[in-house]
Amino acid sequence: MKKKIISLLLAGALVFSQGSLVFAAGGDDTPPENAGEVRAIASLTDVQEKERTTLSDERVQVVYTVTGTNLGAIGVKARISANGREFTPEECSIQQTGSDTEKTVTVVVPKNTDIYAANYAVQFWPTEDTSGYRAFQKTINLPAPSVDDKTKVTTITSGLPVVPSAGGNVDITITGEKLKEGTGVAFEAPDKLDITADSQEVTFSAWEVRPSKVVFTAKLPANTEEADKVYTITATPKDGGEAKSVQITVKGTNSAVEIPKSVLTGFVDVGTGKETVEITHEGGLRNLRLRGADLDNSNNGLMTSEAPNGVQISASDEAVELSGWMTSAKYVMFDAVFPENKTDQDKTYIITATPKAGGESKTVTVIVKKAENVTPEPVLLPVITKVEVDPANVEAKGGPVDFTVTGENLTKDNYTAAVKVFEDGAETSAVVVSPIKINVENNGTKGNGVMAIPENKTNKEREYRLTVTPTIEGASGQTAVVKQAKGEGTEEPIPEPAKAEIQRMQVKSGAELPAEGGSAVVNILGTDLDSREEEHTNEPDGITVSVDPSAEIAYTTKQTKVVATLRLPANEAKEDKTYTVTAVPKTGGESKQVTIVVKGKEEVTPQPVDAVITKVTADKTRVSAKGERVDFTVEGENLTTENYTREVKVFEDGVEKKDLTAKTIMISATEGMIAIPENRTEKEREYRLIVTSVKEGAEAKTVSILQDGYVEEVTTVTGVTVKSGAELPAEGGQAVLEIEGTALDSLGISHFDMPDNITIKADPSGELIPDFMTTAQKVTITFECPKNDTKEDKTYTITVAPKTGGESKQATIVVKAKEEAQVPVIRDVKTCCKEVKAEEDFIIVTAVGDHLTKDNWDAVVEVYEKDTENKVDGVSVKVERHEKPEKVIVRVPANTTGKELEYRITVALKAEGAQTFLRKVTQPKKEEEKAGWREDSVGKWYRYADGTYPKAQIAEIEGEMYYFNAQGYLECCRWVQADGNWYYLTSESKAQKGWAGIGGSWYFFDKKTAKMQTGWVQDGDTWYFLDGSGAMRTGWVQTGGSWYFLDGSGAMKTGWLQDGGKWYLLAENGAMRIGWAKDGDTWYFLDGSGAMQTGWVQDSGNWYFLNGSGAMQTGWVQTGGSWYFLNESGAMQTGWLQQGNTWYYLKADGSMAAGTVINVGGTNYRFAGSGAWIG
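Residue numbering for the sequence shown is -24 to -1, 1 to 1151, as defined by mature numbering (1 follows the signal peptide of the UniProt record, and there is no 0).
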């Protein structure tokens, strides 16, 4: 914010003498009154500010001490001048007391109500002095009033609202405004918030603080009590704003942990039994099945209709809907609905299942085939006109070089960048530089990238030739050159890279795949297949792997082995399809090949409907009295869930118990489960599963499961073993113990709570945090041991005993003694840069050495004018500790001094006589701000010339529409609503204009305002219809009381249209015609659905005949073996008809009488075969 500088205007010239401000008389020569008298002359020697306070009414009171001689005889006065005027006594209070040699002057000035800071000049001088004023001046600085500068907390949220009884770490996120001073990120507690917990046991760490967001970790203690504990974390602005809180529950020892540690074993599409399935472009519903262990424990492992609580299941696209859950501990079945694909490209959707507690994921891939007869979008070919590098010359030590590609229709994927290295004009392969493409901007006209030039230790100059080429066959590229100075020549000659040798190539799996395609794994063995030592998933740089016909390849690459995984598409042809995989060394040498066959598609023979059941089996033949889940399998042919029945009968002592039952649930057509309930009696029970085909007379198949009667179990502890962490370092850590025995827990299924039949104690007590994995026979415990600050090893004894009495067992854990502290050493100091921006910026300072902590070294910063010894005061520099102990962050303000600055950073250990290191970083002076785009660590924004910026709005800038969020930053790649209208933001943050395909649908945005359109829209000469969501419609649409037809491109049709085997007539405005309609000179009849009619049609009591083209007929018509006469309006005639001199008779059904005698009105008439009346 600008400061208003208050100038003091005095009648006279200013003369500076020995630090005092002296006002020389001028203008008025008149001597003072009593000038002839000899009087003691007052003299001021010093003025010092003693104290400054802000009064209750916000006025500022300053107390000065004035020293001199003869002050009592003359007195002391003060002038206060601010904002171009002097204060009157009513506005400013001045009081003085004291002796001839020392006075106390108290000055009170009113509060500053201006929008700028104010500097108030206070002057002290003797009232009488014929030699001229000898004055002193002091300044009272009042800052500008705060303008909406308060800290505001908007939300505080927890990453986990509930944690297990063992406690643990939870991420807390706070959002708001002005949560910290300045911009950027800090790694310590925020300076403008008080963050507290209602318990001292809750600790905070891992701070990441930004002006609008604070993220940190809260460590919650273990809960050793049976009841849940709730902790409240509160964020309160230090300037008095509204506080916000969040609560986190730590479960009690008797509360079940809600998230099981799931293991996934299979994930398939139920209809095909495969992990990859292709469906038609219409999309639709697929039923998916996930198998595993502990997928859900919300109902003791039995079936529920909710999503599993142990597994996160998600789709790669929001357009895919997941519903219809059937969930148990071992199976999850659900429906996935896929949208219609209206494009000319296949669409791939991936459904991913991931254990919430960590572990391997499983996926199902669904490919929705492309729509037919869709006009593909035109492919815009890339054009490259120029490539530039910055800098074009580098020193021998190397460094980063930026490159810019100029052209048209550029994307990151449609051009390549490669570098060749030359020494003294000859190309060398000993130096490899890999350019990195960063992004493409300005509507595909500018690409940006960077390449790292390595150090040149040879005595030869190097030339790096960067060539950028469009990915078009035969296209030529553009080249830019970077020249590097020669080094000192001390480096040994760089050997040529080793030549790759392929020794063996084999198909590890998938050498012959079914017609549906799938994955094939090819192993390539040899030497120097890749130059990198570590295993990675990039393409090897020593060999080239190709597939003919082409296919997708994923790599796992090492120097001696490359695993290439190929994904081969389905083979729709009847003939087998062969793929040839070739590996070729890039440096020359023998290549290797293997082949993979995808079988041809077989014709499917229809299967009979009746089920044939051959066998039924269960995974358990005996269960405990506590009750368990039993899985069963039905074997046979043509099985569906509808063509055979399942029934469970329960027997005790051979007698059926009709009041007892067990429910069966089908997981697939051949697999199901039985939920065996608890048996509270002492009698053994038999659960008999009877499976029968619905075919009449079919033989039933059975399997029996026996259940034990209830027997009281005795708890015993047979052993306590430390599985890991028996000896821990002085820093402490986790130890895992395993307890074995019988009846350790009564629940009967695995869970994560404290076992209820044993006690677990630690000595010393209160320093260990348990976390349990419990079954009746085994309990796994994790103990977290605190650090040992003593010089002696510390031993913890864990004792486990049955609650009902019996032998206990013990195990011990040792935390080693603390080692002697190491001596810190600093060998060098590095800074992240040699120059910072003129704007607010920061410097990362790194001390290079050993055993450095945040407390044993320091960094001091002084500010000077660049390349001078003129020290600059008043520059507010902050030194903050980094999360890494060897680093600090030096935050520097914007340079508003008008001079180039130099920050001198002195680093040294906090020890007497320690070596100091001096590093210098410069800062240019800040230029006057202009309107334009700005970017900081948070994002990109736009500054107007007056310093304001758009926020929470759509704004037009340089002919384009952009959306700025509430903080004023650009957003991209999503829908936004502003001013009651919807907009879509592209990857370049511009609001989309014209047509755009988004999420499988087409939308139209006004070409000027970028507002999403709905209803009828005309683009060129074509009309389109957009529904209420803005999505373009195709096919039939009813609006405004009429039906319209839009083709696959969305264009409204007119005239005749054939759809679904029927013809329709659409008016010039596109509305579907019904009833009688004339096209040219011909009449047609269209029924209530709009379909054109043929043959006989009755309308308003009359019959009409329409030929095969739908045209209404008149005159004589022969149909169905009879003749009919239709008048000029097309209406069918009956009764007598005269044509010329001939009479005909048309019966009541309109057919002409011919070759017969008809009685009309009591008289017989005879008609010839031509229908003519002959008598």
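Each residue gets a CB set at the ideal place from its N, CA and C atoms; glycine is no exception. This structure is a prediction, so every number in the text was calculated from the model and none was measured.
Alpha-carbon to alpha-carbon, residue j and residue i
| i | j | result |
| --- | --- | --- |
| phenylalanine 759 | threonine 225 | 21 Å |
| phenylalanine 1021 | valine 993 | 14 Å |
| isoleucine 933 | leucine 155 | 30 Å |
| serine 722 | asparagine 733 | 7 Å |
| lysine 436 | alanine 402 | 11 Å |
| serine 1127 | tryptophan 971 | 59 Å |
| arginine 543 | serine 526 | 10 Å |
| glycine 12 | asparagine 846 | At glycine 12 the pLDDT is 38, less than 50, meaning the model places this residue with poor confidence and gives no usable figure here. |
| serine 784 | lysine 767 | 32 Å |
| threonine 756 | lysine 189 | 39 Å |
| leucine 261 | phenylalanine 314 | 6 Å |
| tryptophan 951 | isoleucine 289 | 25 Å |
| threonine 71 | alanine 870 | The question names threonine, but residue 71 is glutamine in the sequence shown. Cα-Cα distance, rounded: 41 Å. |
| glycine 630 | leucine 682 | 12 Å |
| valine 233 | threonine 133 | Confidence at valine 233 is low in this model, with a pLDDT of 44, below 50, so the placement of that residue should be treated as unreliable; the coordinate-derived value is given next. Computed Cα separation, rounded: 21 Å. |
| lysine 983 | lysine 568 | 56 Å |
| aspartate 995 | threonine 212 | 55 Å |
| threonine 151 | lysine 126 | 14 Å |
| glutamate 841 | threonine 873 | 10 Å |
Short Cβ contact (7 Å threshold) for residue i with residue j
| i | j | result |
| --- | --- | --- |
| aspartate 311 | asparagine 263 | yes |
| tryptophan 183 | glutamate 153 | no |
| glycine 502 | glutamine 479 | yes |
| leucine 615 | threonine 646 | yes |
| residue 1180 | aspartate 769 | One cannot answer for residue 1180 here, as it falls past the ends of the chain, which runs -24 to 1151. |
| phenylalanine 1143 | alanine 1130 | yes |
| proline 446 | methionine 427 | no |
| methionine 937 | alanine 967 | yes |
| alanine 540 | valine 606 | no |
| leucine 442 | phenylalanine 379 | yes |
Cβ-based neighbour list, residue i, same chain, cut-off 7 Å, excluding 5 preceding and 5 following
| i | result |
| --- | --- |
| glutamate 336 | Leu240 |
| leucine 885 | Pro800, Ile802, Asn832 and Trp833 |
| serine 700 | Ala711 and Val712 |
| arginine 857 | Glu164, Lys830 and Val864 |
| alanine 823 | Ile802, Val805, Trp833, Glu862 and Val883 |
Residue i classed as buried or exposed, judged by whether at least 16 other C-beta atoms fall within 10 angstroms
| i | result |
| --- | --- |
| leucine 118 | buried |
| aspartate 1055 | exposed |
| arginine 1049 | buried |
| serine 32 | exposed |
| glycine 1086 | buried |
| isoleucine 1134 | exposed |
| valine 610 | buried |
| threonine 998 | exposed |
| cysteine 761 | buried |
| serine 669 | buried |
| cysteine 68 | buried |
Own chain partners of residue i with C-beta closer than 6 Å, once the 5 adjacent residues on each side are dropped
| i | result |
| --- | --- |
| valine 1136 | none |
| alanine 269 | Val239 |
| threonine 208 | Asp174, Ser221 and Gln223 |
| isoleucine 941 | Note on residue identity: the sequence assigns asparagine, not isoleucine, to residue 941. Around asparagine 941: Glu947. |
| arginine 28 | Val38 |
| glycine 259 | Phe314, Pro315, Glu316 and Val344 |
Same chain only: Cβ atoms within 8 Å of residue i, ignoring 5 sequence neighbours per side
| i | result |
| --- | --- |
| glutamine 460 | Asn369, Val370, Glu371, Ala372, Gly374, Ile429, Asn432, Glu437, Arg438, Glu439 and Tyr440 |
| valine 573 | Ala487, Glu488, Leu489, Asp552, Lys553, Thr554 and Tyr555 |
| asparagine 514 | Tyr531 and Thr533 |
Please give me, in chain order, every unbroken run of the beta strand (DSSP E) with length at least 3 that falls completely inside the region 1070 to 1133. Positions of the beta strand (DSSP E) runs, each at least 3 residues long and wholly inside the region 1070 to 1133, are given as 1071 to 1075, 1078 to 1082, 1091 to 1095, 1098 to 1102, 1111 to 1115 and 1118 to 1122 in order along the chain.
Please give the ranges of any beta strand (DSSP E) in the region 306 to 330, keeping only runs that are unbroken, at least 3 residues long and fully inside the region. 307 to 314, all fully within the region 306 to 330.
Every unbroken beta strand (DSSP E) inside the region 576 to 645 [3 residues or more]: Along the region 576 to 645, the beta strand (DSSP E) occurs as fully enclosed runs of 3 or more residues at 588 to 594, 605 to 613, 620 to 628 and 640 to 642, listed in sequence order.
Pick out the complete beta strand (DSSP E) segments inside the region 236 to 285, 3 residues or longer, and give them in chain order. Note on the region 236 to 285: whole beta strand (DSSP E) runs with a minimum of 3 residues are 239 to 245, 252 to 255 and 260 to 269, in chain order.
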